[in-house]
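The opening residue of the sequence shown carries number 3 in my numbering; numbering runs sequentially from there. Shown next, in structure tokens, is the structure this report addresses.
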Amino acid sequence: MPETIVVLFDNGMASQNQDYLPSRFMVQKETVESLISRKFEDNQENTVGIIPLVQAQSNDIITPTKQRSYIKTFLNEIKLERNGDIMRCLSQSLYIFNQKDSPGCMLVIFLGSEPQETEKDELFARIYQLLTFGIMVKMVFFGEAMEMAEAYKKIDFTNFSCIVVNPNEEFVDRVLPFVTGGELLEEDDPELAEAIRLSLEEQKKQQK
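Pasting the structure below:
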């Protein structure tokens, strides 16, 4: 059965931080690029969409599509922005999934910025709403958002899972298998693997 995958990408200003090398923004981007490659290799009928956490213009998203070039172009055009609205993003994802059959629908949430205190309860409730509709939800906590993970680990739905990624861990190696349910193989995307290696080598040189 074809899958519909929507990725919520954290492009808030905190994603410029380099506690995850080369930056929070880049490790997310590299992971999403690998996810796109993997999902279309699995099934050419799969569709992938991206919702930036911060949208400079309302509804600046790409809805799930099979057009790989469109997805990658959109991903490359995402920029760091201020004032994220995760509730709007979840509403957008819910609207998208309402147009689909729930089996095969998956929402991947990258969360590195901690939401406002006033949003936390509503965020929890909105995640529950998505789960009750049968949508698979996978949350990736990193950065400041790691502190939120314990509460979400208590969610008892078979279609929910979450992971915490620390700065000293290889982000792509941890997250991609979690999202896809398989191992990260270099032959899946050798160009990406080489780019990651070169980026890490360059960072090490700069630190010497």
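A virtual CB, placed ideally from N, CA and C, is assigned to each residue, including glycine.
Whether residue i touches residue j by CB criterion (8 Å)
i: S93; j: V8; result: no
i: P169; j: Y22; result: yes
i: V181; j: K122; result: no
i: F112; j: Q30; result: yes
i: I38; j: K81; result: no
i: G106; j: M28; result: no
i: T33; j: V166; result: no
i: K155; j: T6; result: no
For residue i, three-class secondary structure by DSSP
i: T49; result: strand
i: I165; result: strand
i: V56; result: coil
i: F143; result: strand
i: M3; result: coil
i: F135; result: coil
i: I38; result: helix
i: F159; result: coil
i: L10; result: strand
i: I80; result: coil
Inter-residue spacing [alpha-carbon to alpha-carbon] between residue i and residue j
i: K68; j: N19; result: 32 Å
i: F76; j: I64; result: 7 Å
i: S36; j: E43; result: 11 Å
i: V177; j: V142; result: 7 Å
i: A16; j: A153; result: 22 Å
Quiz item: On the three-pair Cβ rule with 8 Å, is the segment 116-124 touching the segment 78-92?
Solution: yes
Self-check item: Complete beta strand (DSSP E) runs within the segment 83-123 (minimum length 3 residues, chain order)
Solution: 107-113
Quiz item: Is the segment 45-60 touching the segment 5-20 in the sense that three or more CB pairs, one from each, lie closer than 8 Å?
Solution: yes
Exercise. Say whether the segment 128-140 touches the segment 155-163, bearing in mind that this needs 3 or more beta-carbon pairs closer than 8 Å, one atom from each stretch.
Key: yes
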